[in-house]
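Those letters in the sequence shown? Residues 271 to 462, by the working numbering. Think of the CB as a built atom: it goes at the ideal place given N, C-alpha and C, for glycine as much as any other residue.
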Amino acid sequence: MTAAYTFDVFSSLDGFGGASGDWTGYWGKQGPELLDHRLALYDEEQRMVFGATTYRAFTEMLAGSSEDSDVRDPWVTRMRNLPATVVSSTLEGPLDWPDAEIASGDAVDVVARLKKESEVPLRSHGSLSMNRALMAAGLVDRLQVTVFPVITGRSGLAPVFRGAADFDLELIEQRTLDGHIQELVYRPALHG
271 MTAAYTFDVF SSLDGFGGAS GDWTGYWGKQ GPELLDHRLA LYDEEQRMVF
321 GATTYRAFTE MLAGSSEDSD VRDPWVTRMR NLPATVVSST LEGPLDWPDA
371 EIASGDAVDV VARLKKESEV PLRSHGSLSM NRALMAAGLV DRLQVTVFPV
421 ITGRSGLAPV FRGAADFDLE LIEQRTLDGH IQELVYRPAL HG
């Protein structure tokens, strides 16, 4: 049996994973439905998979945050306590994550192995370049995009799909959260 792999990403309407300037986390658009839904998603048994850059970003954000900041929302705390694999050829242990291991090597090879060996689903939040490569290799079963109602044309950071291959997407789930945030879940397939 092969474990399902979900690439979970936040995006502005124009395709950026974050923004500079005075934008806050979630672009300031989060509400109770989004936060409750995220906690329920991360309450399920699963293994997280991160690239080194995203792992470093998460640990820096958490280290620089207070207990009552958005960075420590309950779903983020839950995510941090899930078992995790960090794909990296540069990091050395021990990691500042309760139940994390480093897997060195090419992400495609690492995730292909994890999909065969894992008894629980796999999920990656962020890790854009790694997940673009995994999509191109056909290893992403579900692409979960949470679209926030903003356009960050001038201040957008981290274009989610820049440099990605071409994909056809089959919509398998959709929901509106807090009346204005769209969660779209697709099954990706290489185009052509």
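From Pro-458, Ser-336, Lys-385 and Ser-282, pick the residue whose C-alpha is nearest to that of Arg-402; which is it? The alpha carbon of Arg-402 has as its nearest neighbour, out of Pro-458, Ser-336, Lys-385 and Ser-282, the alpha carbon of Pro-458.
For Ala-310 versus Leu-392, is the C-beta distance shorter than 8 angstroms? Going by C-beta atoms, Ala-310 is not nearer than 8 angstroms to Leu-392.
Please determine if the region 381-400 and the region 361-371 are in contact, where contact requires at least 3 C-beta pairs separated by less than 8 angstroms. The answer is no - the region 361-371 does not touch the region 381-400, with fewer than three Cβ pairs under 8 angstroms.
Member of Tyr-456, Gly-433 and Asn-351 whose CA lies at the smallest distance from the CA of Thr-276: Nearest Cα to Thr-276 within the set Tyr-456, Gly-433 and Asn-351: Tyr-456.
Closer than 7 angstroms by C-beta to Pro-429: which residues in its own chain qualify, once you throw out the five before and the five after it? Chain order, please. Beyond the five residues adjoining it in sequence on each side, Pro-429 comes within less than 7 angstroms, by CB distance, of Gly-285 and Phe-286 in the same chain, given in chain order.
Same chain, Cβ closer than 7 angstroms to Ser-388, neighbours up to 5 away in sequence not counted: By the criterion of a C-beta distance shorter than 7 angstroms, Ser-388 is surrounded in its chain by Ala-273 and Arg-317, once the five residues flanking it on both sides are discounted.
Can you tell me the Cβ-Cβ gap for Glu-330 and Thr-355, rounded? I've got them flagged as a contact below 8 angstroms. Taking a contact as a CB-CB distance under 8 angstroms, the pair Glu-330 and Thr-355 does not count as one, their CB atoms being some 19 angstroms apart.
Can you say whether Ala-333 is buried or exposed, counting buried as having 16 or more other CB atoms within 10 angstroms of its CB? Ala-333 should be labelled exposed.
Since Arg-317 sits in a beta bridge, which residues does DSSP pair it with? DSSP, once it has assigned bridges, lists Leu-392 as partnering Arg-317.
Reduced DSSP secondary structure (H/G/I, E/B, other) of Gly-528: No information on residue 528 is available, as it lies outside the stretch 271 to 462 that the chain covers here.
Quick one: Cα of Gly-298 to Cα of Leu-454, how far? Their backbone Cα atoms lie some 20 angstroms apart in a straight line.
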